[in-house]
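One structure below.
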Amino acid sequence: MLSPDLIDSLFPADLPGPEHWEKRYPPRDLPPGAQVTRFGPSPTGYLHIGGVYVAMVDADLALHSGGAYLLRIEDTDQARLTEGATEQFADGLTYFTISPTEDDLSGHYGPYVQSSRAEIYLSYVRELLRRDRAYLDFATKADLQDITAKQRAAGALPGYYGKWAIWRDASEDQVREKLLAGEPYVVRFRSPGLSGGRVSYTDAIRGELSADDNRNDAVILKSSDQPLRLPTYHFAHAVDDHLMRISLVVRSDEWLSSVPLHLQLFDALGFDRVQYAHVAPLMKQDGSSRRKLSKRKDPEASVGFFIEQGYPAEAVQYYLRGLANGRLAELPLPEALATPIELSGFNAAGPLVDLVKLDDISADYVATLPADAIMGQVATWAEAYDPALAEVLAAEPDLARRVLDIERVDVPNPRKDLRRWADFRPVYGYFFPQIFVPVTDPADDRFGGLAPDLVRQVASAFADQYQAPGPDVEWFNQIRELATQLGFAPNAKTYKKDPEAYPGSIREASQVIRVLLTGSGRSPDLAQVAGALGVDEVLRRIRAVV
RNA sequence: GGUCCCGUCGUCUAGUGGCCCAGGACGCCGCCCUCUCAAGGCGGUAACGCCGGUUCGACUCCGGUCGGGACUACCA
């Protein structure tokens, strides 16, 4: 055990003791059952959709229990900090309307950035040192590698524990000598774990869990050669979650195996243990197996993907909530968003994220929106991600409105052709001559393999006798007539009966017109499209291929 | 290697011993509607990983096994 003098000489003379922090951050005065939660992203990269998932759960639990939810930036790894990450977190969480109930401006439990809490951690490290629950470790990287190698050779478990913990029982003289020589050190927790010991605890999602007790003397304070002395995740977790008076820690299940250590830390520090809820991470199918959604490999792992594609926040939230609690997926969207997420409703296994399902949800959601709302959202999105489209929209707001109204207003089944705002250009862009690219190649794939000659014939026959839609015009008759003349079957059924007798049915013929007019195989009612375009533009597009 | 977690249709899941030769949703396929694409309506497809045990009875309980995943850092 180190002498008090030596220990104190390691810290600022005016460093307050734990009682100071205890007083400064008193227990919260909250109604019974209120949950205090936190989301603690590490600004070492961009926000992961799994982060949004967990943050959403945190915020929802706090909201519905009358508690508090806070965002804590966990930047103890100063070496891996990424420029702009904190701002990106804020943007991403804002997009999904997940906002903390307290922050540096309004909260009493800050600062909410770990690098600003260095002094607090130091107080508790010193306390542990004074009580001999921690010790100084001067092992170098080479020492550590050496230990690992020997353990491997001996078939022992890896780690810094027992007889392998070379500084665990070092004498004060040894420590003084190293200190004098200016050698850097870390502070390690003196684990009370015994060989063969077991721990058990209750996880709010998984129930009773047990594991081998922790025996590893984990590092709690990083190297003394760093300008800012910060703790490791484990120690910061214990100190912060206690002092911020967090009642429930919701985190990804990769932390499950660290729980024994965390429990020891809470106990050694004299803190009440927190309740844990370990959620399974979002997964991705990879060949025949599945793995955690990876930021490196999967574009949809990044929150940016959803924002850039312009997925409506409500649709993504609805999808994520359904993943969290299956029964929410059975509810209509408004109810699902309003119904509290329950810890007991989680599945212990990690779900695969299914973009096809999200698309379906999103299309359904957009179909419920009035044209005005869609216009506003598309315009906002386009300003950031498709400036040319934004310009066109701003120049022709009336056209844009009319376009969005087609088959959306006063119809029993509104079109479901918009899943994300990025769909606007491929789905409706052709209405705007400024951004429309005419189809000029009769062999274009979009014609579905119809003979190029026939494509040309359809186009020129159509153009030659074209009549704009009007009160006295049966617009589609034009197509029907030319289709008959060119030998197309009058309907799909007739064609199906004898496919050899026709080049195709009226369906194929009208698809030629559709593709020429819109550049797409999918569009609203052709007569309405033609009407919106005007005679000149219709003819220009049809003749582009002749 | 060790420890821990997980395992129902392709996917998300319902199911807490008989209501299940397993229900819903998405997907896919087909049919219908329709002058054309969608949308919509109707129908179909498809699963309890495997082996034992407990029980009158097991998707549900127990054991094993296989498979998948996480952790095993001065990363979080």
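Going by this note's numbering, the final residue of the first sequence carries number 578, and the count climbs one at a time with no gaps.
Beta carbons: idealized from backbone N, C-alpha and C, even for Gly.
message = So, under 8 Å CB-CB, residue 279 and residue 247 are touching, yes? Tell me the CB distance rounded to an integer number of Å.
response = Not really, about 29 Å apart at Cβ, beyond 8 Å.
query = Between the beta-carbon of residue 50 and the beta-carbon of residue 151, is there less than 7 Å?
reply = no
task = Would you please state the rounded distance, in angstroms, between the beta carbons of residue 467 and residue 556? I believe it to be under 8 Å.
result = No, residue 467 and residue 556 are not in contact; Cβ-Cβ is about 18 Å, not under 8 Å.
query = Are residue 89 and residue 166 touching if we call contact CB-CB under 7 Å?
reply = no
message = Less than 7 Å between C-beta atoms, sequence neighbours within five positions excluded: which residues of the same chain meet that for residue 36?
response = 162
ask   = What are the boundary residues of the beta strand (DSSP E) that includes residue 309?
value = 307–311
ask   = Is residue 376 closer than 7 Å to residue 347 when the C-beta atoms are compared?
value = no
message = Here's the rule: buried if 16 or more other CB atoms are within 10 angstroms of the residue's CB, otherwise exposed. What is residue 140?
response = exposed
ask   = Which class does residue 388 belong to by DSSP, given the choice of helix, strand or coil?
value = helix
message = Assuming contact is defined by CB atoms lying nearer than 7 Å, are residue 241 and residue 249 in contact in what I supplied?
response = no
request  = Quick one: give me the first and last residue of the beta strand (DSSP E) that residue 318 is part of.
outcome  = 315–318
ask   = Rounded C-beta distance between residue 98 and residue 63? I'm assuming under 8 Å.
value = 5 Å
ask   = Ends of the alpha helix (DSSP H) at residue 579?
value = Nothing about residue 579 can be read from this structure; the chain reaches only from 33 to 578.
query = In its own chain, which residues sit with a C-beta less than 7 Å from the C-beta of residue 418, not counting the 5 before and 5 after it?
reply = 457
query = How is the beta strand (DSSP E) around residue 221 delimited, first residue to last?
reply = 218–221
task = Please classify residue 106: is it buried, with 16 or more other beta-carbons within 10 angstroms of its beta-carbon, or exposed?
result = buried
query = Would you say residue 501 and residue 573 are within 7 Å of each other, going by their C-beta atoms?
reply = no
3-residue-minimum beta strand (DSSP E) runs that sit fully inside the segment 292–373, ordered along the chain = 307–311, 315–318, 321–324
query = From this set, 122, 512, 533, 358, which residue's C-alpha is nearest residue 383's C-alpha?
reply = 358
ask   = Under the three-state reduction of DSSP, which class applies to residue 280: helix, strand or coil?
value = strand
query = How about residue 364 and residue 96: are their beta carbons less than 7 Å apart?
reply = no
ask   = Under 7 Å, do residue 164 and residue 33 count as touching if we go by C-beta distance?
value = yes
message = Please list the terminal residues of the continuous beta strand (DSSP E) segment that includes residue 54.
response = Note, residue 54: premise wrong, no beta strand (DSSP E); alpha helix (DSSP H) at 50–56.
request  = Whole angstroms is fine: what's the gap from residue 40's alpha carbon to residue 304's?
outcome  = 27 Å
ask   = How would you write the range of the alpha helix (DSSP H) that residue 141 sits in, first residue to last?
value = Segment: none, residue 141 is in no alpha helix (DSSP H) and carries neither H nor E.
inquiry  = Can you give me the C-alpha to C-alpha distance between residue 538 and residue 474, rounded to a whole angstrom?
reply    = 18 Å
message = Looking only at its chain, what residues have a beta carbon closer than 7 Å to the beta carbon of residue 523, apart from the 5 residues adjacent to it on each side?
response = 537, 538
request  = On a CA-only basis, which of 263, 552, 285 is nearest residue 146? Give me that one, please.
outcome  = 263
query = With a Cβ-Cβ cutoff of 7 Å, do residue 292 and residue 256 count as a contact?
reply = no
query = So, is residue 410 buried or exposed, given that buried needs 16 or more other C-beta atoms within 10 angstroms?
reply = buried
request  = Hey, could you find the ends of the beta strand (DSSP E) residue 252 is sitting in?
outcome  = 251–253
task = Pair every Cβ in the segment 448–463 with every Cβ in the segment 487–496, then say whether three or more of these pairs are closer than 8 Å.
result = no
message = Which of the three DSSP states is assigned to residue 78 in this structure?
response = coil
ask   = Between which two residues does the beta strand (DSSP E) harbouring residue 166 extend?
value = 166–169
query = Excluding five sequence neighbours on each side, which residues of the same chain lie with their C-beta closer than 8 Å to the C-beta of residue 578?
reply = 488, 491, 492, 495
ask   = Alpha carbon to alpha carbon, how far is residue 199 from residue 130?
value = 45 Å
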